[in-house]
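Position in the sequence shown (from 1) plus 8 gives the number in this note's numbering.
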Amino acid sequence: MSASTMWPTVFSVLVAFAAPFSSALFPYYGSAYGRNDHESMSSALTRASKYSALIFSPPILGLFATSRPVITLFAGQQYEGGYTVLSILYLFALVYSVSPAFSNLLLIYGKTGTILLLSFLPVAVSLLTLPLLRFLGLNGLALMKGFSLLISFILSIHVLSKVVKIRLDSLALLKVFSSSTIIALVVLSVEQLYYSKFLLPFYVVLGGVIYALFLEFLRVLGDEDFAFLQQIFGDKIGLVIGKVLYC
Numbered sequence: 009m010s011a012s013t014m015w016p017t018v019f020s021v022l023v024a025f026a027a028p029f030s031s032a033l034f035p036y037y038g039s040a041y042g043r044n045d046h047e048s049m050s051s052a053l054t055r056a057s058k059y060s061a062l063i064f065s066p067p068i069l070g071l072f073a074t075s076r077p078v079i080t081l082f083a084g085q086q087y088e089g090g091y092t093v094l095s096i097l098y099l100f101a102l103v104y105s106v107s108p109a110f111s112n113l114l115l116i117y118g119k120t121g122t123i124l125l126l127s128f129l130p131v132a133v134s135l136l137t138l139p140l141l142r143f144l145g146l147n148g149l150a151l152m153k154g155f156s157l158l159i160s161f162i163l164s165i166h167v168l169s170k171v172v173k174i175r176l177d178s179l180a181l182l183k184v185f186s187s188s189t190i191i192a193l194v195v196l197s198v199e200q201l202y203y204s205k206f207l208l209p210f211y212v213v214l215g216g217v218i219y220a221l222f223l224e225f226l227r228v229l230g231d232e233d234f235a236f237l238q239q240i241f242g243d244k245i246g247l248v249i250g251k252v253l254y255c
């Protein structure tokens with residue numbers, strides 16, 4: 009696998025992991041919309057975005073921190089210089105840490121025109137940012153992909169804010185992203201001290217342990233969150249997810 013074929017896999021893997029989360033929320037959102045209960049929809053978005061960030065931001069920033077050993081181990085030593093491409097993609101992939109909570113809402117609210125526009129947006133963004141490809145090469149291509157993803161998400165949120173009140177738990181999200189950022193910084197520091205592509209499992213375990221300790225200290229979830237998770241994912245799966253996130 010070369011660097012040029014590896015970078016599209018970054019997003020396909022993230023989408024694959026985010027899809028079950030989005031699918032689990034769809035019936036709840038659909039039920040709230042059918043009852044014309046926009047307050048429940050807004051409340052669900054607040055909680056779902058927090059859970060989504062808890063689940064996806066640590067691995068995304070963890071992958072950002074380990075992009076060099078990842079590309080070297082899986083693509084080959086000759087592609088080590090391409091780790092900056094993965095780093096750029098992983099930074100923009102932070103959108104996926106909250107976007108699963110908003111998936112399918114455009115469809116539920118009948119915003120088919122916006123969905124169509126978003127399908128053409130990558131082409132427009134690519135044309136506007138084409139000079140980046142000339143001057144930055146594959147890094148420019150990564151930036152093009154990243155800008156397209158970010159702009160699409162911002163446009164989706166803007167449209168949705170017209171039909172449902174979007175309230176994010178700013179404090180909880182700040183705790184989650186701060187913890188995830190510290191993970192990335194610690195792992196990067198360890199890599200600077202002693203780097204080896206074969207130490208990738210150690211870097212992953214180190215990041216996971218640090219994040220678990222932070223979750224234990226910050227206590228982002230409460231009892232009401234457990235009830236909501238069980239309502240969305242079912243009693244058994246919701247309880248397992250809650251316990252994992254709550255450590």
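The beta carbon of each residue, even a glycine, is placed where N, CA and C say it ideally should be.
Under the three-state reduction of DSSP output, L146 falls in the helix class. The distance from the Cβ of A150 to that of I96 is about 4 Å, consistent with a contact at the 8 Å cut-off.
In this structure, V78 sits away from L102, with a CB-CB distance that is not shorter than 8 Å. Distance from the Cα of A52 is smallest, within the candidate group D177, L81, E88, L201, for D177. Taking 8 Å as the upper bound for CB-CB distance, I165 and S50 are not in contact here, some 13 Å apart. Where L62 is concerned, the enclosing alpha helix (DSSP H) starts and stops at 46-73.
Taking Y98 as the centre and dropping the five residues before and after it, the same chain places the C-beta of V18, I68, L69, L71, F72, S75 closer than 8 Å to its C-beta, in chain order. For A32, the closest C-alpha among the options L196, A56, L182 is that of A56.
Look at the beta carbons and you see the stretch 211-224 touching the stretch 184-202: at least three pairs across the two are nearer than 8 Å.
If you draw a 10 Å sphere on the C-beta of I123, you find fewer than 16 other C-beta atoms in it, and that means exposed. Going by beta carbons, G215 and V195 fall inside the 8 Å limit. With a cut-off of 8 Å on Cβ pairs, the stretch 150-159 is in contact with the stretch 130-138, counting three or more such pairs. In this structure, the straight-line span from the alpha carbon of F143 to that of G154 is close to 17 Å.
Scanning its chain for C-beta atoms nearer than 6 Å, with the 5 sequence neighbours on each side dropped, one finds around S107 the residues F161, in chain order. In this structure, S60 sits near S105, with a CB-CB distance shorter than 8 Å.
For I116, the closest alpha carbon among the candidates V172, A24, S186, Y203 is that of V172. In the structure shown, V131 falls within a helical segment according to DSSP collapsed to helix, strand and coil. Going by beta carbons, L113 and Y37 fall inside the 8 Å limit. Annotated as distal: I63 and F110, with beta-carbon spacing of 8 Å or more.
Counting along the chain, I191 sits inside the alpha helix (DSSP H) bounded by residues 178-201.
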